[in-house]
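Oh and the sequence shown: position 115 is 125 in the working numbering, straight run, nothing missing. Each residue gets a CB set at the ideal place from its N, CA and C atoms; glycine is no exception. Structure first, then comments.
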Amino acid sequence: MQYTLALIFSPKLDLALWILSLIAFLGMGFFIYLEILRPYFAKTRPGLLLPPDEGDSFEVVVPESTRVYRFSVGQKFGNLPTFSKAIQDDHIVFILKKGKDTEDYDILINRSGPVLMKPPRMQYFAKMESSEKLESHEIIGQIASFRISDKITKDRMTQYFEIGLTSNFFMNKMGKERMRFIFSVQKIHPGIALSSKDKKGLYSFGKERLSEDEE
């Protein structure tokens, strides 16, 4: 007696195998980039991974194709990476939500690390809650300030990045009035010790010692 063995291929099974193979391939590619390529590029191009300087600014105009824009300040990732040991990724996140037919925005602010906040026209910094909200008209020509670090002691920070947020209006090429948001590094206290860079490319707060030629 002879038996005939037949393999039955299901289109759904075939599709599932292709999807699993694609996910595995993308996962391996991401792992290679994160663990091999990115550290290599960081070593060969160290100048691109330096902490920001006081006075650095970042302008944001929310694209007309969307009504929501996300700006984050983090450790190694985000719109403003600090490369600081005291800062974590998504340490503070600003979500700009545009009005339906106007240039009015709600500014939602979320934090995942310690933050001190000083709203416009306020004199002192205070601990920020897990989330806060500002309206865009509050910061036109005014500055909201945020100090970020790894800890708060007695409602103060001894070392921090101070991030400022302000806005103004401008006319675009189509002659339409748009709002521009400006994020800036107002202050880094007491500074960044560039000689403190570790294997992960992160720096500590501190002042660099002057060499004998500079003293």
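Does the separation of the CB atoms of residue i and residue j fall below 8 Å?
i                 : j                : result
glutamine 98      : serine 75        : no
glutamate 64      : methionine 189   : no
leucine 144       : isoleucine 119   : yes
phenylalanine 193 : phenylalanine 81 : yes
phenylalanine 68  : glycine 211      : no
aspartate 100     : glycine 88       : yes
serine 141        : tyrosine 115     : no
glycine 151       : asparagine 182   : no
Here's a check: name, in chain order, each residue in its chain whose Cβ is nearer than 8 Å to the Cβ of residue i, leaving out the five neighbours to either side.
i           : result
glycine 201 : Phe215, Gly216, Lys217, Glu218
alanine 136 : Leu126, Met127, Lys128, Asp165
proline 73  : Tyr79
Could you check what DSSP says for residue i in three-state terms: helix, strand or coil?
i              : result
serine 205     : helix
isoleucine 97  : coil
glutamine 12   : Interpretation of glutamine 12 is limited by its pLDDT of 46, a score under 50 that renders its predicted location unreliable; the figure taken from the coordinates is listed afterwards. Glutamine 12: coil per DSSP, three-state reduction.
methionine 181 : strand
isoleucine 192 : strand
serine 31      : helix
methionine 132 : coil
methionine 38  : helix
leucine 90     : strand
leucine 60     : coil
Return the CA-CA distance between residue i and residue j, expressed in angstroms with no decimal places.
i              : j                 : result
threonine 54   : valine 125        : Confidence is the limiting factor: at threonine 54 the pLDDT is only 46, short of 50, which leaves the residue's position unreliable, though a coordinate-based value still follows. Taking the straight line joining both Cα atoms gives about 34 Å.
isoleucine 153 : lysine 161        : 23 Å
lysine 107     : tyrosine 213      : 33 Å
valine 71      : lysine 186        : 13 Å
lysine 86      : glycine 174       : 19 Å
isoleucine 149 : phenylalanine 156 : 13 Å
leucine 36     : alanine 26        : 15 Å
arginine 77    : valine 83         : 20 Å
aspartate 111  : methionine 167    : 41 Å
lysine 197     : aspartate 66      : 10 Å
threonine 163  : methionine 138    : 14 Å
Just to confirm my understanding: we take residue i, look at its own chain, exclude 5 residues before and 5 after, and list those with CB closer than 7 Å. What are they?
i                 : result
glutamine 169     : Ala96, Ser159, His199, Pro200, Phe215
phenylalanine 180 : Arg188, Arg190
Could you tell me which residues DSSP pairs with residue i in its beta bridges?
i             : result
aspartate 116 : Lys107, Glu145
alanine 154   : Leu175
Whose C-beta lies closer than 6 Å to the C-beta of residue i among residues of the same chain, with five residues either side of it excluded?
i          : result
proline 62 : Val195
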